[in-house]
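Using the working numbering, the first residue of the sequence shown is number 7, and each one after it goes up by one. Idealized CB from N, CA, C, for every residue including glycine.
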Amino acid sequence: MRTLIPLKLINAPLDPGFYLSFWVYPKADALACLGWYHTHLGLEAEDAENASLEFDQAAKYYAEAGTILPGDEEKALIYLRSAVEAHWYNNHSARVYMPLVLKIMNSEEAMLEIWENSPISESRDASLLQVLEFGVLLTDTLQAGKYTKDDIIKPRELKELDKFPSTNVLYL
């Protein structure tokens, strides 16, 4: 298999900054681009079955993009949030996306220590706020026993956006 890395570097120890900058970050961005692509194919799909296939792919790519980045990286949380959104669009149960929501909730503080005033903080914070608030509400609702993780639970704001609505969806 052909590689773009010079042979003398393949077995050499790599500096972590080099590895992150020239391998991990570009790979995460590429995976996120694939996630974006499949999200939009899902949104444009003519039937629920094709939309579901596309949203599955989108969630997979976004989750991988967010997972390979360091946990305190702002893009990691943005990508994980996009994965959660793809799961919502696909009417997945809370059991499927809850680990991603919890990861976002648990990583936000560490991310803000570094990225609080980044150039994209305003749009990032608005995007993450929906998931963070929903995560708290969902956790409280599940602990109260009102719903279970096997229920399809989404934020109320998505009700009007559901292209293929289901009667099984519960909106918080």
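Strand pairing of residue i, partner residues [DSSP]
i	result
Y25	Y25 is not bridged to any residue.
Y177	K160
Where residue i sits in the DSSP three-state scheme
i	result
Y43	helix
Y67	helix
N112	helix
N97	coil
I126	coil
Distance, residue j Cα to residue i Cα
i	j	result
D131	L138	10 Å
G72	E122	18 Å
L59	G48	8 Å
T9	W42	Since pLDDT at T9 reaches only 49, below the 50 mark, its modelled position is unreliable, and the value read off the structure follows with that caveat. Cα to Cα, the separation comes out at about 27 Å.
L143	L20	43 Å
Y25	R87	25 Å
V102	L148	14 Å
E163	S172	15 Å
E80	S133	12 Å
Own chain residues within Cβ distance below 7 Å of residue i, not counting five before or after
i	result
K33	I74
A51	A57 and E60
V90	Y103, L106, V107 and V137
M111	L138 and G141
D157	S99, A100 and L176
Rounded distance between the beta-carbons of residue j and residue i, thought under 8 Å
i	j	result
L83	E114	7 Å
A100	I159	5 Å
N97	D62	Incorrect: roughly 11 Å between the Cβ atoms, too far for contact.
Y68	A36	Not a contact, Cβ separation roughly 12 Å.
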